[in-house]
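Positions in the sequence shown are counted from 1; adding 9 to them yields our numbering.
Where is the CB? At the ideal position from N, CA and C, for every residue including glycine.
Everything below concerns the one structure shown next.
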Amino acid sequence: MTFLRAFILGGLLSQIPTITNASTRAEITQKKVAANPKLSWWDAMDTGPFISDTFLGFGPKGEVAALKGIAIKLGGKKDHTVVFDTETLRMVAGFKGNVMLEGTPWSGKHNDNSYLPESRKDYFFATNKGPGVAVNENWDDLRNTKNGPLPDARGEYHGLYRHEAGTVLSYSVGGAKFLEMPKLYEKTLVRSFEFEPLKTDVEILVLDPLEGGREIDVALSNVPKGVALKTLPSGRVVVSLATGASGSFELAYLAKGTRILIEKRGSIKNFTKGGPSLFPEVIKTKGRTSKDAKGYAVDDIPLPKDNPWESNIRFGAFDFFSDGKRAACSTWNGDVWIAEGIDGDLTGITWRRFASGLFQTLGLKIVDDVIYTHGRDQLTRLHDLNNDGEADFYECFNNDVLITSGFHEFAFDLQTDKEGNFYFSKGAPVLSGGRGFSDLTEHNGAILKVSADGKTLTRMAWGLRAPGGLGLGPNGELTTGENEGSYVPRCKITWSKPDGSSFHGVVPSEWDNKKFVRNLPATPTDYERPLCWLPYYVDNSSGSQFWVPKDSSWKNHAGNMIHLSYGKSSVYRTLIDEVDGQVQGGVYRLPIELTTANMRGRFHPQSGHLYNIGFRGWQTNGGTGFQRIRFVSDEKPVPLKLEAFKNGLRVEFSSSLDPEIAKDPRRYSISKWDYIWGPQYGSGRFSIDEQDAAARELARAEPSKGSVNQVDSVEIRAAQLLEDGKSVFLYIPKMTPAMQMEIRMDLADAGKKEFKETIWNTIHNLRPAFGGHGL
10 MTFLRAFILG GLLSQIPTIT NASTRAEITQ KKVAANPKLS WWDAMDTGPF ISDTFLGFGP
70 KGEVAALKGI AIKLGGKKDH TVVFDTETLR MVAGFKGNVM LEGTPWSGKH NDNSYLPESR
130 KDYFFATNKG PGVAVNENWD DLRNTKNGPL PDARGEYHGL YRHEAGTVLS YSVGGAKFLE
190 MPKLYEKTLV RSFEFEPLKT DVEILVLDPL EGGREIDVAL SNVPKGVALK TLPSGRVVVS
250 LATGASGSFE LAYLAKGTRI LIEKRGSIKN FTKGGPSLFP EVIKTKGRTS KDAKGYAVDD
310 IPLPKDNPWE SNIRFGAFDF FSDGKRAACS TWNGDVWIAE GIDGDLTGIT WRRFASGLFQ
370 TLGLKIVDDV IYTHGRDQLT RLHDLNNDGE ADFYECFNND VLITSGFHEF AFDLQTDKEG
430 NFYFSKGAPV LSGGRGFSDL TEHNGAILKV SADGKTLTRM AWGLRAPGGL GLGPNGELTT
490 GENEGSYVPR CKITWSKPDG SSFHGVVPSE WDNKKFVRNL PATPTDYERP LCWLPYYVDN
550 SSGSQFWVPK DSSWKNHAGN MIHLSYGKSS VYRTLIDEVD GQVQGGVYRL PIELTTANMR
610 GRFHPQSGHL YNIGFRGWQT NGGTGFQRIR FVSDEKPVPL KLEAFKNGLR VEFSSSLDPE
670 IAKDPRRYSI SKWDYIWGPQ YGSGRFSIDE QDAAARELAR AEPSKGSVNQ VDSVEIRAAQ
730 LLEDGKSVFL YIPKMTPAMQ MEIRMDLADA GKKEFKETIW NTIHNLRPAF GGHGL
């Protein structure tokens, strides 16, 4: 690489003229697909003007170039790219071509990541890892872990503006605000800057020496006083801006010896007020309503799968606007869509593509009719500046979260509490195959809270593996689903203390090619007990939890928590109990037949119906879909309460039971077992009454799932229907705590209509012996 100051006349072309009869983005996409019918869906998809991801470089085997990268497409043919790192405010590279989209959300491959081109001859420039800006000539990386955002005093990413003329980056350096707009102009890559008066000396990284790269010239244009190019002893080139400088300038990367004329057309701020719609087409679908007259009626809301941008519609989160007529839904591949007509008879549903290019958005929340998304990189607040139905400003609400390049490090859910604080859960970097972990950050496998103003991020719980969704109760109850794997012997529903101290079991540890080596020093030796464990056949991959509104038509469940199973496409009612300060309980399945992989659920603010959404990944029997669940009536008595005593169990139902059947102990069957907490994937079932210490210890070193099946049968000496006519006490003389219990009941209601019910529960503590049974 050689460096030469070239001379450029004029300033940056800051506006693209309107081209009469130009093709729309939808038309361009369809032409591309028609010309290349064998394109993979992710290569065919129009991801918008930019795409956010973790990028490797150079090529698929390269090191991480940007953990939180934004690849911005340039040129009329969108065949040039710059990649910006939002953590370090570093322009990572500029090159001919596009990024290659790879990894779990794209090609489906584990352990792969999206990447920059391998051939260095394609590059205008590249920069080394570390800060992309300096204050007072200090280029040291002051971050403790060398990932995460820069200290605010150095620099802060504010977001980006999307316009048909280009993408505008917004950030601060040394407390002064900058706008930056990259462009391709006559085969020259140009970065245009506009900035406030500087409070301190600032430097912006231009390039680092690139072995094998093309020879280029670098130049400044329209340079205000106090701005100059500078070469450091290492060969690094920077733009130096002196205290007090302000205004705008252009930085150009040219083919060696090139001289160009660039026409100046106004301020970058012109492109921060909203522009023409990029996705104006409306997709129409018609819902299908169930005719079920009892139980739960399930209606289908068809998705905009057949869309002209070839966007892969895999919704992982949603929320309602205040009018109840519209919902916003986010996809795994970074889209946000708005559906209208999702209330009523569903006969006229319309879909608009509102935003694109976000980073694996599996969480979404609407606050005051403004959409917030949770992606792997940040919480984003989306603003429609000109009310045309599309987001123009992608505001970085908070990006303090620390991430790695791990394929399994999903960003789950987004909820708010009464004070407006945001909560979400984050997966751990599980190794390919599901066993073990790569190095953890303090935010991996955690529940995180962001203050209502977006200024502060706090860890509320840790030690999670893959908390596929969370729940936030009316009194601040904080739960997650959790998925089986190393240190998680079975799926469970966690319950976290409000002080942020809860450790849920995934121990920071060392692994060698998926083989456990050791727990790291000073790591926890015990974990927070869950609300309940769940057998594999009940829930093999957990989703979110949420609470039924107290005024809901779901009368017998009002004010109680619902748990979703993604793996079994099922809806479970929870039974929550507390004994000696320890929360425990169980679940039973509601008779709701879904076809959607159950990730997220919300109750409609007006109708009170439950809506659920999800997509097919792996370990689920459901598909991709959006459904509405209408409660019609309970067909049978349902459990309302479960209590464990030293001499048995009390189960309360919603209505009266047949006395003779309820008192017959042969109508009940109970089994119990333990799991082994350790580094192996999952666990076998281990006897509680006749414990095999050797087998338990071996299960910590070798897999036991599927090979150890020591299930205890529980003796039920007697059964008694209590005075209220709807509660049963089961007398169990050898009552013990149990990680897993299964209670099967074959009963009848007061009209002698028989029904069956099964509860799967966990008992940590026992109440004193129950004395009101009359046995």
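Short Cβ contact (7 Å threshold) for residue i with residue j
i	j	result
Ser692	Lys714	yes
Ala475	Ile456	no
Glu203	Ile277	yes
Ser441	His119	yes
Ala364	Leu391	yes
Ile79	Phe59	yes
Pro674	Ala747	no
Val790	Ser553	The shown model of the chain, from 10 to 784, leaves out residue 790, and the question about it has no answer.
Gly514	Tyr545	no
Val717	Ser680	no
Ile774	Met750	According to the sequence shown, residue 774 is Asn rather than Ile. No, the Cβ-Cβ distance between Asn774 and Met750 is not below 7 Å.
Ala251	Gly235	yes
CA nearest to the CA of residue i, picked from the options
i	options	result
Thr267	Ile225, Leu229 and Ala254	Ile225
Thr629	Asn107, Thr281, Asn607 and Ala43	Asn607
Leu529	Gly429, Arg538, Tyr536 and Glu519	Glu519
Phe329	Asp315, Asp352 and Arg694	Asp352
Ala671	Leu449, Gly760, Val248 and Val307	Gly760
Leu76	Ser61, Arg582 and Gly490	Ser61
Ala35	Asp701, Thr425, Pro289 and Tyr432	Pro289
Ser331	Ala348, Asp378 and Trp360	Asp378
Val8	Asp560, Arg637, Arg538 and Asp589	With the chain covering 10 to 784 only, the question about residue 8 has no answer from this structure.
Phe134	Leu198, Val182 and Asp758	Leu198
Tyr575	Gln591, Val497 and Leu479	Leu479
Lys523	Glu349, Asp309 and Tyr690	Tyr690
Ala778	Thr745, Val42, Thr489 and Ser286	Thr745
Leu731	Asp683, Ile697, Gly781 and Leu487	Gly781
Asn656	Glu706, Thr209, Trp627 and Arg776	Arg776
Met54	Glu319, Thr340 and Gly485	Glu319
Tyr684	Ser664, Ser663 and Leu707	Leu707
Nearest-angstrom Cα separation, counted from residue j out to residue i
i	j	result
Gly343	Ser243	38 Å
Ser447	Pro158	21 Å
Lys743	Glu724	8 Å
Thr298	Gln615	18 Å
Gly304	Asp643	5 Å
Lys265	Asn153	40 Å
Ala567	Gly617	11 Å
Glu146	Ile502	50 Å
Leu423	Asp354	28 Å
Lys427	Arg245	50 Å
Gln700	Leu473	28 Å
Asn30	Gly84	In this prediction, Asn30 has a pLDDT of 40, which is less than 50 and means its spatial position is unreliable; nothing more can be read from the coordinates.
Pro648	Asp308	26 Å
Asp94	Phe662	56 Å
Ala15	Leu229	With a pLDDT of 37 at Ala15, under the threshold of 50, the modelled position of this residue cannot be trusted; read the value that follows with caution. Using only the alpha carbons, I get a separation of about 8 Å.
Lys86	His172	16 Å
Phe654	Ile601	31 Å
Opposing strand residues paired with residue i [DSSP bridges]
i	result
Leu151	None; Leu151 has no bridge partner.
His392	Phe402
Asp462	Answer is none; Asp462 lacks a bridge partner.
Pro8	Past the edges of the chain, shown from 10 to 784, lies residue 8, and the structure says nothing about it.
Asn522	Per DSSP, none; premise fails for Asn522.
Val232	Note: Val232 sits in no beta bridge, so no partner.
Leu481	Leu487
Asp226	Leu263
Phe640	Tyr305
Pro648	Phe662
Phe695	Asp683
Ser505	Leu487
Asp3	This structure leaves residue 3 out entirely; the chain is present only between 10 and 784.
Ser678	Arg753
Arg609	Ile622
Proximity test, Cβ basis, 7 Å: residue i and chain B
i	result
Leu707	The chain inventory of the structure shown lacks chain B, comprising one protein chain alone.
Open item on the list: Give the list of continuous alpha helix (DSSP H) stretches no shorter than 4 residues that lie fully inside the region 243-319.
Closed with: none
Task: Length-filtered (3 minimum) beta strand (DSSP E) runs lying within the region 529-596 - done: Within the region 529-596, the complete beta strand (DSSP E) runs of at least 3 residues are 541-543, 551-556, 570-574 and 579-588.
TODO: Could you name each continuous beta strand (DSSP E) segment of 3 residues or more that falls completely within the region 106-174, going from the start of the chain to the end?
DONE: 132-135, 142-144 and 164-172
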